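Sequence order for the protein chains is Z and W. Last residue of the first sequence: 239 in this note's numbering, with the numbers rising by one and none dropped. Last residue of the second sequence: 239 in this note's numbering, with the numbers rising by one and none dropped. Virtual Cβ for every residue (Gly too), placed ideally from N, Cα, C. Given the structure is predicted, the values throughout are model-derived calculations rather than measurements.
Number of protein chains: 2
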Amino acid sequence: MPGPIQAIERAAAVLQLLARGRLGLGEIAASLDLPKGTTHGILRTLRTVGFVEQDRASGTYRLGAALLRLGTGYLDANELRSRAINWADALAARSGEAVRIGMHLDGTVLVVHHVFRPDDTPQMLDVGALLPLHATALGKVLLAYDATVAGPLAQRRLASFTRRTVIAPAELARALGEVRARGWASEAEEYLPGEAAIAAPIRGRGGLVVGAIGVSGAVDRVLETSLRPRTGLVAQVSDAARAVSRDLEDTG
Amino acid sequence: MPGPIQAIERAAAVLQLLARGRLGLGEIAASLDLPKGTTHGILRTLRTVGFVEQDRASGTYRLGAALLRLGTGYLDANELRSRAINWADALAARSGEAVRIGMHLDGTVLVVHHVFRPDDTPQMLDVGALLPLHATALGKVLLAYDATVAGPLAQRRLASFTRRTVIAPAELARALGEVRARGWASEAEEYLPGEAAIAAPIRGRGGLVVGAIGVSGAVDRVLETSLRPRTGLVAQVSDAARAVSRDLEDTG
DNA sequence: AGCGACCGTTCGACATTGTCGAATCCCGTC
DNA sequence: GACGGGATTCGACAATGTCGAACGGTCGCT
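As structure tokens, this is what we get:
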């Protein structure tokens, strides 16, 4: 019976839809092109298992609390993350900047770990966030080393976030070639104004790139006055990436 | 057709199982008492939608990255959390302790928000974690004010975490009465050695308790020398809880 | 090396199961 | 009090998922 189970596929589609905000039954049914009755049955089931909740007053549906457990369950099971946590802490301490670990998910960068910059300033935790591949240092690393990531992206029109975002395919390809040559990627105000980042590839068994680790922070702390990434930071990031890779290749 | 959809219920059960660690097909099929063929079909579908991943070598299954997106999607949609974030930051800054916000989920406390203690020490983020109801300040608040939470718990045998954990039903009932009388709950080394906590209820529309907010930290910072919670901290926590409650009742 | 046991995967027939669209109910609004 | 939009229920149909046995690969043991 090598065919996906229809009901489960549809339920998953409903959840993916709801991930972007609360919706009414009608909207969901219309988006998925399903009869309302069918959609309601799916929703009712997802509610009994705690994957969606329903607003008593408006009747609209939203994601449920049980999903949070599953999300953190994924993080616990994620090998890349668990191996990288200790090195990420060390990198944050040594560099004084925020550290992020990302992997490819469906044309974006999924942040699987985030260590705050070691100071008292309030910061948003963005584990679980999706970042653009072409406008972040983490994403460029993934693009540069994984053809299965880069291929589909070439078809899409790239979004521009700041004046510096590289959206021209030729220019991006050149930048990715540079990443491969140097072994690390950087980004300066291409995603968020005033922020720059450096990232390096994490390799799993067989040398395949399975993720990326990098630091990000204010432009004047991450870059030299020449606007090139600080050499010391680049070395720290590369060392951390190599350390994680060694961990991954050896064990598990 | 008011009956849950079988296939989806089963898929959800598979996910809940996998939340506790990676498993093989046989183990999953046995745990759920399903034929291997059926289980495999469910797993295959969950894999195509990214909810589970499979280890190439061992063949074992684990949760997939797409679930992380859904988990954070839940957090974004969660009204209690979004209203409480600002007040939680303020409470952490004023009290100098870590702040947590919890709600009831399925006989436990689900941590939906966590602000680190404002200093440089490395701390584990535990958004998504499940804490025991009877051994934490957050949980005692939920138990004290919500009969639908307290009822089922009376049936279960309570787990003991430290020497101080209260597991005798009578003693716990007395403590909950005290919580109701004072309007806040506390806990000293009942869950983690060396840690104490204070929490207060968050009320939604209609005055129902929908969650709890509280601080936790080293015993000697949270408690007076008399072992009673520091009066100033109790006031700060209660004020924060009231502020969040006002936010929730007014809008949405 | 060869054998055996285990585990994930595939297959096809069966009937259980989910699907569908119309009809109903409920609520807020005019 | 009637209208409208939404969620919800219903029952017949057949498409759909289920089941258990058989396949094929891999690891561990002899």
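- Message: Just to confirm, is the Cβ distance from residue 118(Z) to residue 126(Z) under 8 Å?
- Response: The criterion of a C-beta distance shorter than 8 Å is satisfied by residue 118(Z) and residue 126(Z).
- Message: In the DSSP output, which residue or residues are listed as bridge partners for residue 4(W)?
- Response: In DSSP, residue 4(W) forms no bridge with anything.
- Task: Determine contact between the region 199 to 218 of chain Z and the region -2 to 16 of chain W, defined as no fewer than three beta-carbon pairs at a distance below 8 Å.
- Result: No, the region 199 to 218 of chain Z is not in contact with the region -2 to 16 of chain W.
- On the premise that residue 115(W) lies in contact with residue 58(W), defined as a C-beta separation below 8 Å, what is that separation, rounded to the nearest angstrom? About 7 Å separates the beta carbons of residue 58(W) and residue 115(W), which is inside the 8 Å limit, making them a contact pair.
- Query: How many Å lie between residue 135(W) and residue 50(Z) at the Cα?
  - Reply: Each residue's alpha carbon lies about 22 Å from the other.
- Message: For residue 207(W) and residue 219(W), I'd like the C-alpha separation in whole angstroms.
- Response: When rounded, the distance between both Cα atoms is 14 Å.
- the region 18 to 45 of chain Z: positions lying closer than 8 Å to chain W by Cβ: Against chain W - using a Cβ distance shorter than 8 Å - the residues of the region 18 to 45 of chain Z are 24, 28, 29, 31, 32, 33, 35, 36, 37, 38.
- Item | Beta-carbon gap between residue 84(W) and residue 209(W) smaller than 8 Å | For the pair residue 84(W) and residue 209(W), the CB atoms are nearer than the 8 Å cut-off.
- Using the beta-carbon count (16 or more within 10 Å), is residue -7(W) buried or exposed? Counting C-beta atoms within 10 angstroms of its own C-beta, residue -7(W) has fewer than 16 neighbours from the protein chains shown and is therefore classed as exposed.
- Query: Can you tell me where the alpha helix (DSSP H) with residue 140(Z) in it begins and where it stops?
  - Reply: Per DSSP, the continuous alpha helix (DSSP H) segment holding residue 140(Z) begins and ends at 134 to 142.
- Message: Against chain W, with Cβ distances strictly below 8 Å, would residue 216(Z) count as a contact?
- Response: No, because no Cβ of chain W sits closer than 8 Å to the Cβ of residue 216(Z).
- Message: Strictly under 8 Å for the Cβ-Cβ distance: is residue 81(Z) near chain W by that measure?
- Response: Interface flag for residue 81(Z) against chain W is unset, since no Cβ pair is found closer than 8 Å.
- Interface residues of the region 155 to 172 of chain Z facing chain W [CB-CB below 8 Å]: Contact annotation: in the region 155 to 172 of chain Z, no residue has its CB less than 8 Å from a CB in chain W.
- Are the beta-carbon atoms belonging to residue 186(W) and residue 205(W) less than 8 Å from one another? In this structure, residue 205(W) does not lie closer than 8 Å to residue 186(W) by Cβ.
- Where residue 8(W) meets chain Z, residues with beta-carbon distance less than 9 Å: In chain order: 60, 63, 64.
- Task: Kindly say whether residue 120(W), judged by its beta-carbon, lies nearer than 8 Å to any beta-carbon of chain Z.
- Result: With respect to chain Z, the C-beta atom of residue 120(W) has no partner C-beta closer than 8 Å.
- Query: In the region 44 to 78 of chain W, which residue ranges form an unbroken beta strand (DSSP E) of at least 3 residues, counting only runs that do not cross its ends?
  - Reply: Runs of the beta strand (DSSP E) inside the region 44 to 78 of chain W: 48 to 50.
- Quick one: measure Cβ to Cβ for residue 61(Z) and residue 112(W), integer angstroms, because I've assumed they're closer than 8 Å. A Cβ-Cβ separation of about 14 Å leaves residue 61(Z) out of contact with residue 112(W) under the 8 Å criterion.
- Query: By the 10 Å Cβ neighbour count, where 16 or more other Cβ atoms means buried, how is residue 129(Z) classified, buried or exposed?
  - Reply: Label assigned to residue 129(Z): buried.
- DSSP bridge partner residues for residue 184(Z) (one or two, in chain order): Note: residue 184(Z) sits in a beta bridge opposite 174(Z), 203(Z).
- Query: So, residue -2(W) versus residue -2(Z), is the Cβ gap smaller than 8 Å?
  - Reply: Annotated as proximal: residue -2(W) and residue -2(Z), with beta-carbon spacing under 8 Å.
- Task: My understanding is that residue 4(Z) touches residue 18(Z), with C-beta atoms under 8 Å, so please give their C-beta distance in whole angstroms.
- Result: Right, their Cβ atoms sit about 6 Å apart.
- With distances taken Cα to Cα, identify the nearest neighbour of residue 47(W) among 96(W), 30(W), 56(W). The residue from 96(W), 30(W), 56(W) with its alpha-carbon nearest to that of residue 47(W) is 30(W).
- What does a CB cutoff of less than 7 Å around residue 239(Z) pick up in its chain, not counting 5 residues either side in sequence? Here residue 239(Z) scores only 47 on pLDDT, less than 50, and its place in the model should not be relied on; the value that follows carries that caveat. Closer than 7 Å at Cβ, skipping near neighbours: 66.
- Task: Could you work out which residues of chain W lie near residue -9(Z), taking near to mean beta carbons separated by less than 7 Å?
- Result: Here the neighbours are 31, 32, 35.
- Please look up how many angstroms separate the CB atoms of residue 99(W) and residue 68(W), rounded, as I've assumed it's under 8 Å. That pair is a contact at about 5 Å.
- Message: Measuring only the C-alpha atoms, how far is residue 42(Z) from residue 106(W)?
- Response: Rounded to the nearest angstrom, the two C-alpha atoms are 39 Å apart.
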